[in-house]
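Protein chains in written order, with the numbering used here: chain F, 30 to 291; chain V, 2 to 353.
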């Protein structure tokens, strides 16, 4: 069967469409053009680069785990329960999506910092998070969690509750229904949400530098390292940027696969 | 008694009470919006009534309302398996794992649950499809798997909500036979709008109308002597409801129908029902002279083709005539005609 001929688009839309695509793609080409291929290996394997890369990988993984631990239950409550103030709560939870990350970092600082809202209580407990690796993870979780919540909540709403009702009528308790029915049915949405949060955590800059600072080996993640190298060693910055571009492309591929399975 | 159910759901204007004996299948009949699904929802614990009490095998599942303890056992803890129009097989599990879901949830081990699942699949005739995914099953096959899945959960009460209404007509007779077999001796509530389902699958029927029970009894009895307009329509009969006066049923609108009195004599002024088959009605354009038959003057409201017949609707009454007769009479909506029925073709009985 041949696909029916689609309705014509206005011809002029191709011009801005092409311009838009070029605007997004050209800078990637520019990065590729600028890479010092001869020293590429050395540049991305230097001591500082490796440290920053591993720190980024570890903190992003940790924050993705935290996103799952808190974000999945949050998405469940938002998608499956109705209570007064639900829509307000939903908007506020998604705030980090639109908030400038620097503002997010400041907000975290004045919550968990030494003189913050909870700082006193935490000092009594002997915990100091500001300007530590934990702060990096917290900053990343703060900005990345909404991505998981948004895509999972959407998937949960699309899946509906019909299968869950059947499962319950067959004698499955809430936890069994969650584990054996709800999660498998929204798995594609969960995977793409997780991948997007990981990507967001990996690229996090503003909140991290504000709340965690830029301490080599402790809080200086890859984006911070790139920003710093830009001044002293532009070639290294470009090489590391390319690494992040490659990671981003892989992430998009993953997320698309997750969607495709829907 | 397996199930005692009484509920009031103000929001949907439903107020119903009935019982299901152990091993009995009860059909709940009624037009759309009569509250059938609400009643199933109350039994399954999916709908919280304003006032209501549900007792299954001596265990109180729902007891809510003013001055009640406010008990509402959650759906998974009621032992009431639900089977709806759509099979709703879990798409990520194959047929066997779908059926094994109930036993697994009840704590059975993996292999024991699978053995039991395979037995139920064999029982409903789809044992060889055990390893198919739901997407690879036809509608009829999927519904059979759903039946097996509901039964495998070993429910104390099986709730069936129009389980055959979404299926292809071709597969209905075989599935009906299967259901007949598995429902025998099992406590079940079957919501349906098909009188054949009620006759073949149910021991007793309850007829709902506008959220109230209007009729109940043995399935064959209700469908051969309907007392509500809905049951009469299901049974394919004309129904005139009125009072017994001077040897005939007199309807509030003055219509008088003579017939054969069944099931004991009627007292003057007693509420009575007259029913007759549409095929027993002859249609005339002009008054028929001096005959001992019933002659009802009616206005044609609609003509409906029905295989090789034409069904002539006149308000709540209808007559089946041949296409030729309809053509010769030049029938059209709005026309005044006479419906003539022999008294021997009319059953008359008490409404209570």
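A virtual CB, placed ideally from N, CA and C, is assigned to each residue, including glycine.
- Here the segment 266–281 of chain F does not lie against the segment 160–174 of chain F, with fewer than 3 beta-carbon pairs under 8 Å apart.
- Taking a 10 Å sphere around the C-beta of residue 2 of chain V, we find fewer than 16 other C-beta atoms and assign the residue as exposed.
- With a 10 Å radius around the Cβ and a threshold of 16 neighbouring Cβ atoms, residue 280 of chain V comes out exposed.
- Rounded to the nearest angstrom, the gap between the Cα atoms of residue 218 of chain F and residue 189 of chain F is 13 Å.
- A Cβ-Cβ distance of about 20 Å is found for the pair residue 25 of chain V and residue 225 of chain V, leaving them out of contact under the 8 Å criterion.
- Here residue 132 of chain V is exposed, its C-beta having fewer than 16 other C-beta atoms within 10 Å.
- When the beta-carbon positions are compared, residue 78 of chain F and residue 254 of chain F come within less than 9 Å of each other.
- Fully enclosed alpha helix (DSSP H) runs of no fewer than 4 residues occupy 124–127, 130–141, 148–153 of the segment 116–172 of chain F, in order along the chain.
- Straight across, the Cα-Cα distance linking residue 266 of chain V with residue 47 of chain V is about 46 Å.
- For residue 66 of chain F, no alpha helix (DSSP H) segment is defined, and its DSSP state is neither H nor E.
- Chain order gives no chain F residues near residue 3 of chain V, where near means a beta carbon separation below 8 Å; the closest approach is about 17 Å.
- Between the alpha carbons of residue 120 of chain V and residue 149 of chain V lies a distance of about 9 Å.
- Bridge partners of residue 19 of chain V according to DSSP: V:6.
- Taking the beta carbon of residue 150 of chain V as reference, the chain F residues within 9 Å of it are 195, 199, listed in sequence order.
- Residue 198 of chain V sits in a helix when the DSSP states are folded into three classes.
- According to the DSSP secondary-structure assignment, residue 272 of chain V is paired through a beta bridge with V:244.
- Listed along chain V, the residues sitting closer than 7 Å to residue 205 of chain F by beta-carbon distance are 106.
- In the structure shown, residue 82 of chain V adopts extended strand secondary structure according to DSSP, grouped into three states.
- A distance below 9 Å separates the beta carbons of residue 301 of chain V and residue 333 of chain V.
- Taking 9 Å as the cut-off, the Cβ atoms of residue 126 of chain V and residue 179 of chain V count as close.
- Checking the DSSP bridge columns, you'll see residue 306 of chain V partnered with V:311.
- With distances taken between CA atoms, residue 341 of chain V lies nearest to V:297 out of V:331, V:297, V:310.
- Residue 97 of chain V and residue 113 of chain V do not touch by the CB rule: their CB atoms are close to 13 Å apart, not below 8 Å.
- If you look at residue 216 of chain V, you'll find it isn't in any alpha helix (DSSP H); it sits in the beta strand (DSSP E) that goes 213–219.
- Taking the C-beta atoms as reference points, residue 81 of chain V is found nearer than 9 Å to residue 158 of chain V.
- Excluding its 5 nearest sequence neighbours in each direction, residue 331 of chain V has no C-beta neighbour in its own chain below 7 Å.
- Within the DSSP bridge table, the entry for residue 319 of chain V names V:314 as partners.
- In the structure shown, residue 250 of chain V falls within a strand segment according to DSSP collapsed to helix, strand and coil.
- Between residue 28 of chain V and residue 17 of chain V, the C-beta spacing is not below 9 Å.
- In the DSSP assignment, residue 298 of chain V falls outside any alpha helix (DSSP H) and within the unbroken beta strand (DSSP E) covering 295–300.
- Here residue 103 of chain V is buried. Its C-beta has 16 or more other C-beta atoms within 10 Å.
- When Cβ-Cβ separations below 9 Å define contact, residue 191 of chain F makes contact with chain V.
- For a Cβ distance threshold of 9 Å, residue set 75, 77, 78, 106 of chain V lies close to residue 202 of chain F, ordered along the chain.
- Comparing C-alpha distances from residue 14 of chain V to each of V:200, V:89, V:213, V:161 shows the shortest one belongs to V:213.
- Beta bridge pairing from DSSP links residue 53 of chain V with V:8, V:65.
- Within 10 angstroms of the beta-carbon of residue 217 of chain V lie 16 or more other beta-carbons, which makes it buried.
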